[in-house]
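Colleague:
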Amino acid sequence: MLRSWRKRLEQALISFVQQAYSLPLERVDFAVPPRIEFGDLSTPVAFDLAKPLRKAPRLIAEDIVNKLGPVEGIRRMEAAGGGYVNVFFDRGLFAYELYNNARRGAAGLVADAPWSGKTIVEHTNINPNKAAHIGHLRNAVIGDTFVRLLRYLGERVEVQNYIDNTGVQVADVVVGFLYLEKKSLAEVQAISGKFDYYCWDLYAKIAEFYAGEAANLALRSRTLRALEAGDNETTELADHISTRITQAHLATMARLGVTYELLPRESDILHLRFWEHAFKLLKERGAIIYAQEGPSAGCWVMRMPEGDEAAGDAEETEKIIVRSDGTVTYVGKDIAYQLWKLGLLGMDFYYRPFMRYPSGQRVWVTLATPCPGETPPSFGGAQRVYNVIDTRQAYLQKVVGQGLRALGFVGQADNSIHFSYERVALSSACAAELGYQTEADANPRATVDVSGRKGQGVKADDLIDKLLEKALTEVQARHDIEATEARRIANQIAVGALRYFLIKYARNSLIAFDFKEALSFEGETGPYLQYTVVRANNIFRKLYEAGDRSADQLTALTTAPLLNGFLEAAPDIWELVAMTARFSDMARLAVQTMEVSHVAKFAFALAQKFNLFYHRHRILSEPDPSRKLFLLAVADLLRTILTGGLELMGMEIPERM
RNA sequence: GCGCCCGUAGCUCAGUUGGAUAGAGCGUCGGACUUCGAAUCCGCAGGCCGGGGGUUCAAAUCCCUCCGGGCGCGCCA
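Read left to right, the first sequence gives residues 648 to 1304 (the working numbering).
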């Protein structure tokens, strides 16, 4: 809605500049003034006109203010500072329209029509050979929040979680079971308890096993080849491991409200010969070549230009795509997968249902052979793909893009976007707490890497359990309610705290994980936001309990003149109202910049404003009925918008806190 | 060596396409619960935005350079 108001003003300014100065303007930029006294919108347009008009910006601004004439919804304008044009809305009219839109529900908030085509977001992508840890959670929560943002803006989104079930990491655990623990498939199947935790420990032992005897490392290559060939006992064991671990990952993510639609498996890319097809194309185009000599002799490699070629110091590095033992690296398989995602491969998977969420939503998994039963939805073939992968893989993503370009898919390569983010490391204190380093080693400024290979990290389920336990204590300290209800609320709080913690940092910022911060429920945290909405909801619950039904017809009773009277007299409340209008702008910005932390920062700022409002104005005991109506409308607007913000972040609103 | 990222208050971090007096949280200290629930609110203190140069009417933001830190450059992913 704010956008249409802005548009109206922009049009008026453009035609005025055309008329008065005979200058064509394509667009006018607007900003939110730093303080509410400066108005509701501000434009530096006079600064841009200063040069062509050879006139001081301040004078141009005054000219615009004096001569522009009336614009619907604009109460007044003024020239300010060195040449800003500050614009003041008709507060009543604005609030009235805003409130009526919001009351229509989510649809009232959505501003954009969907553009044609489908968007695939690929996230999580944990190697299915061990339990998920805190680093994986950051990926999944950022990815899931981004998906919610895209859907809010009206885009058609398909969520994929790639299962790398034929890679070295799975092979390592297979080797661990077969040769280190000497277990048969049946024995592995019989392992009870948390299988992902069991594999976490086993995987941590494998490096030592390889280092022990030279022959041990050959077992990895042998296992890897068996996995690619398929249809053997080794593959059966690997399938059991990766499927069981994938189930564990999906269960962990479901605890946080993160869901998927398709699990594309790497083994199917191989067995359906997606890779062979892509390999053929790459060879035909000369995108990859066979290395006769040098360190990569016997491998198929892609040449990557490096340095400034024009300057003549063009050095080339080689990226191995097919190993000398004939197996394919991750990059090779990813090129084939990207081609499929963008609908460029001309081949498709087979599918079967993998599991069903409590909501009824279904997750599908790819297959290499036809499967009778339900017809799957149409997967793949997207116009645009976001790959949520941490920044350390930027080089590999570049190689994959290079591969697509070499095949002639230049525009499509640009539409396959690396959604890059920094990793989570352990703070020094945290690493010491977990016994990964001694107090003496601890450098308070440094961090310790999370490493699945070393078995170092905070496991996702452990962290969620810890949050849950703390939340339960807090809930029980405040309310005397039955156990299941307390647990449900504690769960909502735990999830809110964790998701907010993982979203509030900009994606470029490395998170030094610290239990004290992650487990905090005060200040800039998820529970703070939830508490804010709970407070607002309580007002309406109390009202209802007292038999007051006026809230049911708030919009009918709340007229623009009534709103205007109060809003003109209360700049702090107007500031709160005006801020809620920026919700859609914020969502658009978050998608444009691929920065989900904007949602977090916006929601927090809004909650702060509301808590201040809540503190200053007592609503239920307000004696003036029309003022009470006004305050109720403000609280109602706020809780609607803030609830929408929390939904974007995957946070639920507890009944009480 | 080459490439990418970062450096803002004691600590952890925000800061829209360059815009008006650089903001939060935590921590410290001091206040506010007979009130719609204090998981809250208010106040105090705390900054050559790593250094230097440049572009601009305007730089924390863009360019150059130096210093300090992280990551990548595997027949792992």
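Yeah, the Cβ is synthetic: ideal placement off N, Cα and C, and Gly gets one too.
Being a predicted model, the structure only gives us computed values, none of them experimental.
Here's a check: name, in chain order, each residue in its chain whose Cβ is nearer than 7 Å to the Cβ of R943, leaving out the five neighbours to either side.
Modeller: Here residue 943 is Ser; the residue named in the question, Arg, does not match the sequence. Answer for S943: E965, I967, listed in chain order.
Colleague: From which residue to which residue does the alpha helix (DSSP H) around F741 run?
Modeller: Element bounds for F741: 738 to 750.
Colleague: Spatial neighbours of F663 within its chain, please: C-beta separation below 6 Å, excluding the five flanking residues on both sides.
Modeller: Result list for F663: L715, in chain order.
Colleague: Below 8 Å between beta carbons: does that hold for I781 and A1107?
Modeller: For I781 and A1107, yes; Cβs fall inside 8 Å.
Colleague: Assign S868 to one of three DSSP states: helix, strand, or coil.
Modeller: S868: helix per DSSP, three-state reduction.
Colleague: What does the alpha-carbon distance come out to for the pair V821 and T882?
Modeller: Approximately 9 Å, taken between the alpha carbons.
Colleague: Straight-line CA distance for M900 to W947?
Modeller: C-alpha separation (whole angstroms): 37 Å.
Colleague: Would DSSP call M1226 helix, strand or coil?
Modeller: Three-state DSSP puts M1226 in a helix.
Colleague: Between the alpha carbons of K765 and S1197, how many angstroms are there, rounded?
Modeller: Using only the alpha carbons, I get a separation of about 44 Å.
Colleague: In the DSSP assignment, find the unbroken alpha helix (DSSP H) run with F1277 in it and report its ends.
Modeller: Here the alpha helix (DSSP H) through F1277 covers 1272 to 1295.
Colleague: I need the boundaries of the alpha helix (DSSP H) containing S1244, first residue and last residue.
Modeller: S1244 -> alpha helix (DSSP H) spans 1244 to 1263.
Colleague: Once you ignore the five residues that flank C1077 on each side, which residues in its own chain have a CB closer than 7 Å to its CB?
Modeller: These residues qualify, in order along the chain: F1160, D1161, F1162.
Colleague: Which residues mark the beginning and the end of the alpha helix (DSSP H) in which K1163 is found?
Modeller: That run of the alpha helix (DSSP H) goes 1162 to 1165.
Colleague: Look at E769 and Y809 and say whether their C-beta atoms are less than 8 Å apart.
Modeller: The answer is yes: Cβ separation under 8 Å.
Colleague: H1264 to Y1191, Cα distance in whole Å?
Modeller: Their Cα atoms are separated by approximately 19 Å.
Colleague: Taking one C-beta from the region 854 to 872 and one from the region 822 to 839 each time, how about it: are there three or more such pairs within less than 8 Å?
Modeller: At 8 Å Cβ cutoff, the stretches touch.
Colleague: Bridge partners of I1150, per DSSP?
Modeller: Answer is none; I1150 lacks a bridge partner.
Colleague: Express the C-alpha separation of G1297 and L1145 in angstroms, rounding to a whole number.
Modeller: About 10 Å.
Colleague: Are the Cβ atoms of W1011 and V975 separated by less than 8 Å?
Modeller: Not in contact: W1011 and V975 (Cβ atoms no closer than 8 Å).
Colleague: Which partner residues does H1065 have in the DSSP bridge list?
Modeller: Answer is N1034.
Colleague: Does the region 841 to 859 come close enough to the region 770 to 778 to have 3 or more Cβ pairs within less than 8 Å?
Modeller: Output reads yes: the region 770 to 778 touches the region 841 to 859.
Colleague: If we ignore side chains and look at the alpha-carbon of each, how far apart do A1153 and I853 end up?
Modeller: Rounded to whole angstroms, A1153 to I853 spans 35 Å at the Cα level.
Colleague: What are the residues that DSSP puts in a beta bridge with I936?
Modeller: I936 is bridged to V948.
Colleague: In three-state terms, what does DSSP make of F685?
Modeller: If DSSP states are grouped into helix, strand and coil, F685 belongs with the helices.
Colleague: State the Cα-Cα distance for the pair L1210 and G739, rounded to the nearest angstrom.
Modeller: For L1210 and G739, the distance between alpha carbons rounds to 5 Å.
Colleague: Any idea what DSSP makes of A1203, helix, strand or coil?
Modeller: Helix at A1203.
Colleague: For N733, name the three-state secondary structure that DSSP assigns.
Modeller: N733: strand per DSSP, three-state reduction.
Colleague: Taking all protein chains shown into account, decide if S1006 is buried (16 or more other Cβ within 10 angstroms of its Cβ) or exposed.
Modeller: With fewer than 16 other Cβ atoms within 10 Å, it is exposed.
Colleague: Is it right to say R1286 is buried, meaning 16 or more other beta carbons lie within 10 angstroms of its own, or is it exposed?
Modeller: Under this definition R1286 is a buried residue.
Colleague: Which of the three DSSP states, helix, strand or coil, is assigned to P671?
Modeller: Of the three classes helix, strand and coil, the one that applies to P671 here is coil, per DSSP.
Colleague: On the DSSP bridge list, what partners appear for I767?
Modeller: According to DSSP, I767 bridges with E805, V1032.
Colleague: Would a C-beta distance cut-off of 8 Å place N1034 and R912 closer than the cut-off?
Modeller: No, the pair does not count as a contact, with Cβ atoms beyond the cut-off.
Colleague: Once you ignore the five residues that flank R1031 on each side, which residues in its own chain have a CB closer than 6 Å to its CB?
Modeller: Once the five neighbours on either side are set aside, the close Cβ partners of R1031 are T766, N1062.
Colleague: Between which two residues does the alpha helix (DSSP H) carrying V817 extend?
Modeller: Residues 815 to 822.
Colleague: Starting from I888 and walking both ways along the alpha helix (DSSP H), at which residues does that stretch end?
Modeller: Counting along the chain, the alpha helix (DSSP H) containing I888 begins and ends at 880 to 902.
Colleague: When we look at the beta-carbon of D960 and count the other beta-carbons within 10 Å, is it buried (16 or more) or exposed?
Modeller: The predicted model places D960 with a pLDDT of 38, which falls under 50 and marks its position as unreliable, so this point remains unresolved.
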